[in-house]
Every structure is written in structure tokens, then in C-alpha cells.
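Participant: Sharing a structure here in C-alpha cells format.
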């Protein structure tokens, strides 16, 4: 079992030895696998636990009740997605069986600005499909979304310092972010499944960074390291797993890596009959944010990636995963 680096965020806003150590640790982790965990992150346990419990209670509802908040059509970004309706490996152009999970997702929850005329841009501001059960679900999830947004923003400040940039460098890219939050539920896996089927097939994340909360114990999460080896990862509350996404890899000209990761089916029946859940926050820059090589990452060979815009990159990758 691989122990990813743990970064302690127990320091103030000003310069300090502890802050410098955190920046150094982040730089090393993002260069190696793009994965680390954070402790003393300041997030309210009550806020996170309420969101987690509501997600668990929602997935335990009868299927008919969950379907009341189902996405209205394939590719709609927010709402309930039943089992085997998504294949994350398709985002890499690979053929694979549908993933053995169900999910519920929400987005920014606000309206696009008046000058945003692009229909696709409006798409990421689609209405969230809030369930009526369990009671208080929307409030608890909105509280968690806000808390994780603030945590991600703090991490981006540390990322900037780790990249030899001013601490506020990334702020202009997150004026109207299109971040999403999702709960993934991996039910008991006793029923027959297709060869090579995963709970979540191999993929990288699309945005700037991801925050992951997961069950205690073995989660089945694996990452592909630079030596092309699949490494099991285990991390439990109160730690939160952080990994960088494709846009951060592009920003850093490949100096930081957006690693492939997957969730495998347990080999033992004892583990397969345990349902699993995770709560994920995907930080995504503004729809029209231009992602191009950072000045501190150019090097002698110049930019290795073409410029992309945040929103279009997100939607191209997301839509490719939908099982029609």
C-alpha cells in the first residue's frame, strides 16, 4: 500500500517555516505522482459529515426515489446517474465496459453572466437537480461545496508559490469557476460483471485540482506512477486526498503530472460485498479561462501543449464518458 505524502496546512497566511515546508512538499508530490493528502486543513467536520451522510442516505433510497433527480438526458452534467451509465476510460479514447458505480453531482448553482452567450458555457451552469430526500440535502451540500471551494483556493495559492509565482497568480482564473461536486457510490459487487470492468475505469481528472474524501479502509483507488506501475492508495478521514488535473499539467508544461487513476473491484468476496462511497470536488477555472504555459515553466524548449480554454476542454472530456 503506497503512502502518499501528507501536507500539514496548520499555518497562517504570512510567511513561516511551516508554510515553506508545505510548499516544498507540494512541489515534490506534484512532480512525482500529482497526488498528496492534506491534514489540519481547517474544514469543518460537521459540514463534511453532514454532506457525506446525506449522500449515503440518498444512495440507500429506493431506485424510483433516486430517479426523480436523474439527469434528464445523457450528458446533462448534474443530478443522479444510475449504475453503468458512465465509462471514464472513454475520456482517453479507450474502449472499456461501463463503470460499476452510481453518482450524484452538482455544479456552481448560479446563473451565467449576461455577456456569456456561448450555449455550451450556459450548459455548465445548468440547474442542479436537488433531491427532496433526505431532508436538508441541498443546504448541507451547498455548505460543503462552499467549504471545499475555499480549501481549493487556498491550495492554489500554495501551488503558485511552489511554481515560483506570486501567491495570487491564479486568482483571475477563478472569478466565475465552474467547479463540480460529486458523490460516487460503488454498491456491493457480487453480481456478474464484464471482463476488465472497474468501479471507475482509468482516467485523469480534467481541471486544476481535485479534493477527495473516501471511506475508511481499502478504497480500491490506484494510481499509475511514472514507472507505469499501478500503486494502491489508502487515505482516510480527516485526511483529504488532493490530486492535480489535466489543466494543471498543461499550465506547468508537464513538470507536474496529472496521473491516471482508477478504482478496482476487490479480489476477495469479503471486500466485494462492502459498498463503498467517495465525495469528490473538482475545481475548474472559469469557462473562458485560457490555459497556457506558465512563465516559470517554459524552459528552453518552450510550451509543450497548445493553449486550451477551461470550459471547452472540460465538456469535450466529460461528454466522451457518457454511455448513450
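Residue numbers (the working numbering): 170 to 493. No residue lacks a Cβ here, since even glycine has one placed at the ideal position from N, Cα and C.
#1: Measure the alpha-carbon distance for residue 467 versus residue 189 and round it to whole angstroms.
#2: Using the Cα positions of residue 411 and residue 203, report the straight-line distance between them to the nearest angstrom.
#3: On the criterion of 16 or more Cβ atoms from any shown chain inside 10 Å, does residue 476 qualify as buried, or is it exposed?
#4: Between the segment 346-357 and the segment 443-451, can you find at least three pairs of beta-carbon atoms closer than 8 Å?
#5: Can you give me the start and stop residues for the alpha helix (DSSP H) that residue 186 sits inside?
#6: Does the separation of the CB atoms of residue 380 and residue 320 fall below 8 Å?
#7: What is the DSSP secondary structure of residue 357, reduced to helix, strand or coil?
#8: Taking the straight line between their C-alpha atoms, what separation do you get for residue 327 and residue 341?
#9: Whole angstroms is fine: what's the gap from residue 335's alpha carbon to residue 233's?
#10: Starting from residue 248 and walking both ways along the alpha helix (DSSP H), at which residues does that stretch end?
#11: Using the Cα positions of residue 333 and residue 490, report the straight-line distance between them to the nearest angstrom.
#12: Which two residues bound the contiguous beta strand (DSSP E) that contains residue 450?
#13: Take the Cβ of residue 463 as the centre, count every other Cβ of all protein chains shown within 10 Å, and call the residue buried at 16 or more, exposed below.
#14: Taking the alpha-carbon positions, what's the residue 229 to residue 433 distance?
#15: Pull up the distance between the alpha-carbon of residue 370 and that of residue 227, whole angstroms please.
#16: Beta-carbon within less than 8 Å of residue 191's beta-carbon, same chain only, minus the 5 sequence neighbours each way: which residues are those?
#17: Apart from the five residues on each side of it in sequence, which residues of its chain come closer than 8 Å, Cβ to Cβ, to residue 247?
#18: Let me know the secondary structure DSSP gives residue 210 once reduced to three states.
#19: Alpha carbon to alpha carbon, how far is residue 250 from residue 453? Give it in angstroms, no decimals.
#20: Does DSSP put residue 399 in a helix, a strand or coil?
#21: Would you kindly check if the distance between the Cβ of residue 455 and the Cβ of residue 345 is under 8 Å?
#22: So what does DSSP say about residue 455, is it helix, strand or coil?
#23: Given this structure, state the Cα-to-Cα distance separating residue 196 from residue 400, to the nearest angstrom.
#24: Using the Cα positions of residue 461 and residue 436, report the straight-line distance between them to the nearest angstrom.
#25: Pick from 424, 225, 457, 465: whose alpha carbon is nearest that of residue 343?
#26: Going by DSSP, which residues form a beta bridge with residue 350?
#27: Out of 224, 243, 428, 219, which one is the CA nearest neighbour of residue 500?
#28: Comparing C-alpha positions only, which one of 224, 187, 219, 201 sits nearest to residue 209?
Facilitator: By the coordinates alone:
#1: Sequence index remark: in the chain shown, residue 467 carries index 298 (1-based). Sequence index remark: in the chain shown, residue 189 carries index 20 (1-based). The alpha-carbon atoms of residue 467 and residue 189 are separated by roughly 23 Å.
#2: The sequence position of residue 411 within the chain shown is 242, counting from 1. The sequence position of residue 203 within the chain shown is 34, counting from 1. Each residue's alpha carbon lies about 8 Å from the other.
#3: Taking the chain shown and counting its residues from 1, the one referred to as residue 476 is at position 307. Classification for residue 476: exposed.
#4: yes
#5: If you number the chain shown from 1, residue 186 lands on position 17. Run containing residue 186: 186-201, per the alpha helix (DSSP H) assignment.
#6: Position 211 of the chain shown, counted from the start, is the residue given in the question as residue 380. Position 151 of the chain shown, counted from the start, is the residue given in the question as residue 320. Taking 8 Å as the Cβ cut-off, residue 380 and residue 320 qualify as a contacting pair.
#7: Along the chain shown, read from residue 1 onward, the residue named residue 357 stands at position 188. Residue state, collapsed to three classes: coil.
#8: Your numbering for residue 327 matches position 158 in the chain shown. Your numbering for residue 341 matches position 172 in the chain shown. Looking at the two C-alpha atoms, the distance is approximately 15 Å.
#9: Residue 335 sits at position 166 when you count from the first residue of the chain shown. Residue 233 sits at position 64 when you count from the first residue of the chain shown. Rounded to whole angstroms, residue 335 to residue 233 spans 51 Å at the Cα level.
#10: The residue given as residue 248 occupies position 79 in the chain shown. Run containing residue 248: none in the alpha helix (DSSP H); it sits in the beta strand (DSSP E), 248-250.
#11: What you label residue 333 is simply residue 164 of the chain shown in a count that begins at 1. What you label residue 490 is simply residue 321 of the chain shown in a count that begins at 1. Taking the straight line joining both Cα atoms gives about 35 Å.
#12: By 1-based counting over the chain shown, the position of residue 450 is 281. Here the beta strand (DSSP E) through residue 450 covers 445-452.
#13: Sequence index remark: in the chain shown, residue 463 carries index 294 (1-based). It counts as buried.
#14: Residue numbering aside, residue 229 sits at position 60 when the chain shown is read from its first letter. Residue numbering aside, residue 433 sits at position 264 when the chain shown is read from its first letter. Each residue's alpha carbon lies about 22 Å from the other.
#15: Numbered from its first residue, the chain shown carries residue 370 at position 201. Numbered from its first residue, the chain shown carries residue 227 at position 58. For residue 370 and residue 227, the distance between alpha carbons rounds to 24 Å.
#16: In the chain shown, the residue the question calls residue 191 occupies position 22. If we look at residue 191 and ignore the five residues flanking it on each side, its Cβ neighbours are 176, 177, 178, 180, 327.
#17: Against the chain shown, residue 247 aligns to sequence position 78. Excluding sequence neighbours, residue 247 sits near 240, 274, 275, 276, 295, 296, 297, 298, 349.
#18: If you number the chain shown from 1, residue 210 lands on position 41. The answer is coil: DSSP assigns residue 210 none of H, G, I, E or B.
#19: Along the chain shown, read from residue 1 onward, the residue named residue 453 stands at position 284. Along the chain shown, read from residue 1 onward, the residue named residue 250 stands at position 81. C-alpha separation (whole angstroms): 21 Å.
#20: Within the chain shown, the letter at position 230 stands for residue 399. Strand, per DSSP.
#21: Translated into the one-based positions of the chain shown, residue 345 becomes position 176. Translated into the one-based positions of the chain shown, residue 455 becomes position 286. Contact flag set, yes.
#22: Locating residue 455 in the chain shown gives position 286, counting from the first residue. Reduced to three states, the DSSP call for residue 455 is strand.
#23: Taking the chain shown and counting its residues from 1, the one referred to as residue 196 is at position 27. Taking the chain shown and counting its residues from 1, the one referred to as residue 400 is at position 231. Straight-line Cα distance between these residues: approximately 20 Å.
#24: Taking the first residue of the chain shown as 1, we reach residue 461 at position 292. Taking the first residue of the chain shown as 1, we reach residue 436 at position 267. About 42 Å.
#25: To locate residue 343, count along the chain shown from 1; it is residue 174. The option with the nearest alpha carbon to residue 343 is 457.
#26: Within the chain shown, numbered from 1, the residue matching residue 350 stands at position 181. In the DSSP output, where bridge partners are listed per residue, residue 350 has 275, 450.
#27: Here the chain covers residues 170 to 493 and nothing more, so residue 500 does not appear.
#28: Taking the first residue of the chain shown as 1, we reach residue 209 at position 40. Residue 187 is the option with its Cα nearest to residue 209.
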